[in-house]
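Trainee:
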Amino acid sequence: MTAILTYATIGILLILVVALLLREAQAEKRVEPAVEQEHLQGLPDQRFLDLSERIFDPADYFWLKHDLGQPRLARALARARQRLAIQWLRILKASFDELVRAPEPVLSESPASSGPPSWQLSWLILRFHFLLGYALLVIRLFGPYHRLVPGFNWRRFIPESSSRERQLNTVNFSN
Amino acid sequence: MGSGTGSACPSSPARMNLYSLAIGITGSLLQILLLWRGWRCGLFSRFPLFYSYIAYVLSGSTLAFLIFQIHPSYYLGFYWRFFLVLLLVEFGVLLEISDHMFDPYPAIRRLGRFLAGCVCGIFSFYIVSALMQPRSLSVTTLDLFKRVSITKAAVIIVLLAIARYYRLPVGKNVAGLMVGFSVYLGINIVNFALAETFGRAVYGSMFAVVGPLSFTVCLLIWTIKVWRYEPVLQEAGRVTGAAHKVSEPVIYQIDRLNQTLTRVLRR
């Protein structure tokens, strides 16, 4: 009897979910949420892409913390940079989504068959979403200066030249 | 469809057979109407797999009816073979729905196919495992059909989730095809589960009515929603998005954004 109830629930849920999703999809007028409005004028330019170098660069944080001896200010900066980093990633995602859902031009010069292999494009899209989700999670949990890819520093047998370099690799500002 | 199993009912076989006949005739008429309308409006070239599927169902069920009248002993064997092929053809129709759903969007069209394929690949383990349990042939067959229906339901949900995620409008034709399919699959999942649990003696007569009835409801929805061709482009518009502003192929732009993100991650 439990099995029947389970399958009855699956059947009913299927119809309800499809009806709900289709209702929303048919009512869709391509209204963009506020975060995307900022950056839907086109694809992100090189200046926007290079901005990440500044946002994720912990040099200012260390300057405040170590050179000026202002740990509170450094933490405030890190928090502001965290918000900036999340916003930057969201805008990057919005641009990416806009690019992915770009309609095919009516008079396409190249035939559809001349495009890249199906799996390659799909893989790039899925890879981007996976990396972005991971980056957002790490930044939310540990801040913008935490190393996102494990460095495997424990594998190095020769010690690094300075403690500052080591700090640059793995810093958690929340500590 | 399935009028042969209806004779298992001990209570009112005549009435059940009458229902089955009425449902069968209504279904056939709707299929003929769909095919006629598709031919008149030139929809065959737009939905080739869908109309092939309808033609296959119509010819198969007509042949099954004739076999039932002439050689009833061959009926069940023919019917299950016909039904097995039908289950596979329905996957093709789902792929066609996916292509039409994301037709104006080349990147998402490929993603839709890719993810639909992934769902089928993942669920194939779930489907095949139904064949590995030591049970009677009828229970195994019903379980197999139920699992195949659940797989198709999962494909539909994934396709709609992609449309929802990218906030894409879904055209009237595709929406109708999906609603019809969902009603048919949703009822069939429950119908197969009930038949598997209670067996032919208790549930046989209802099984023979509910299955064809769900398909007739599905055909009715399809007939209404695919009455005339309505492309999704009318609603979405072709000049939205960023692609028209850039000349670089989409894959290179996607790759560039991927590299930027990778650079951030590897800093």
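Going down the list, the sequences are from chains A and B.
Everything in the first sequence is counted per the numbering used here, starting at -18 for the first residue and increasing by one.
Everything in the second sequence is counted per the numbering used here, starting at 398 for the first residue and increasing by one.
C-beta: ideal position from N, C-alpha, C; glycine also.
Taking only three categories from DSSP, how would you classify B:Q530?
Mentor: coil
Trainee: What does B:Y502 reach in chain A if we use C-beta pairs closer than 9 Å?
Mentor: Simply V81, R82, A83, P84 and E85.
Trainee: Taking the alpha-carbon of B:P609 as reference, which of B:F595, B:F589 and B:M575 has the nearest alpha-carbon?
Mentor: B:F589
Trainee: Once you ignore the five residues that flank B:Y476 on each side, which residues in its own chain have a CB closer than 6 Å to its CB?
Mentor: A461
Trainee: Indicate whether at least one CB of chain B lies closer than 8 Å to the CB of A:A40.
Mentor: Interface residue (Cβ-Cβ distance to chain B less than 8 Å): A:A40 is not classified as such.
Trainee: Find out if the Cβ-Cβ distance for the pair A:L73, B:L658 is shorter than 8 Å.
Mentor: Yes. Within cutoff.
Trainee: Buried or exposed, going by whether 16 or more other CB atoms sit within 10 Å of the CB of B:E487?
Mentor: B:E487 is classed as buried because its beta carbon has at least 16 other beta carbons within 10 Å across all chains shown.
Trainee: Looking at the unbroken alpha helix (DSSP H) that takes in B:Y563, where does it start and where does it end?
Mentor: Where B:Y563 is concerned, there is no enclosing alpha helix (DSSP H), given that its DSSP letter is neither H nor E.
Trainee: Please report the straight-line C-alpha distance between B:A687 and A:R108, rounded to a whole angstrom.
Mentor: The shown model of chain B, from 398 to 664, leaves out residue 687 of chain B, and the question about it has no answer.
Trainee: Buried or exposed for B:S417, going by 16 or more other Cβ atoms inside 10 Å?
Mentor: buried
Trainee: For B:V490, which residues from the same chain have a beta carbon less than 7 Å from its beta carbon, with the 5 sequence-adjacent residues on both sides left out?
Mentor: Cβ within range, chain order: L446, F447 and Y450.
Trainee: Spell out whether any CB of chain A is found under 8 Å from the CB atom of B:M575.
Mentor: yes
Trainee: Cβ of B:S602 within 8 Å of Cβ of B:N585?
Mentor: Contact: no.
Trainee: Taking B:A339 and A:Q7 to be in contact with their CB atoms under 8 Å, please state how far apart those CB atoms are, rounded to whole angstroms.
Mentor: Residue 339 of chain B falls outside the range modelled here, since chain B spans only 398 to 664, and no answer is possible.
Trainee: So, is the C-beta of B:Y626 closer than 8 Å to a C-beta in chain A?
Mentor: no
Trainee: Please report the residue range of the alpha helix (DSSP H) in which A:R82 lies.
Mentor: No alpha helix (DSSP H) holds A:R82; DSSP gives it neither H nor E.
Trainee: Does DSSP classify A:Q27 as helix, strand or coil?
Mentor: helix
Trainee: So, at 8 Å on beta carbons, what are the nonlocal neighbours of B:I505 in its own chain, with the 5 sequence-adjacent residues on each side left out?
Mentor: F499, I559, Y563 and L565
Trainee: Name the residues in the stretch 567 to 599 of chain B whose C-beta lies less than 7 Å from a C-beta of chain A; which are they?
Mentor: V567, A572, M575, V576, S579, V580, L582, G583, I584, I586, V587, A590, L591 and T594
Trainee: Residues in the same chain with beta-carbon distance under 8 Å from B:V580, minus the five sequence neighbours each way, listed in chain order, please.
Mentor: S611, V614, C615 and I618
Trainee: Rounded to whole angstroms, what's the CA-CA distance from B:V599 to B:L591? Just pull it up for me.
Mentor: 10 Å
Trainee: Near A:A15, what residues of its chain come up, given a Cβ to Cβ distance below 8 Å and the 5 sequence neighbours on each side ignored?
Mentor: Residue placement at A:A15 is poorly supported in this model, since its pLDDT is 46, which falls under 50; the coordinates still yield a value, given next. For A:A15, where only same-chain residues beyond five positions count, there are no Cβ hits under 8 Å.
Trainee: In chain A, which residues lie less than 9 Å from B:F511 when you measure between Cβ atoms?
Mentor: S99, W100, L102, S103, W104, I106 and L107
Trainee: On a CA-only basis, which of A:A55, A:H110, A:I67 and A:V(-1) is nearest B:I651? Give me that one, please.
Mentor: Of the candidates A:A55, A:H110, A:I67 and A:V(-1), the one whose C-alpha sits nearest the C-alpha of B:I651 is A:H110.
Trainee: Going by CA-CA distance only, name the one from B:V516, B:L431 and B:F604 that's closest to B:R625.
Mentor: B:L431
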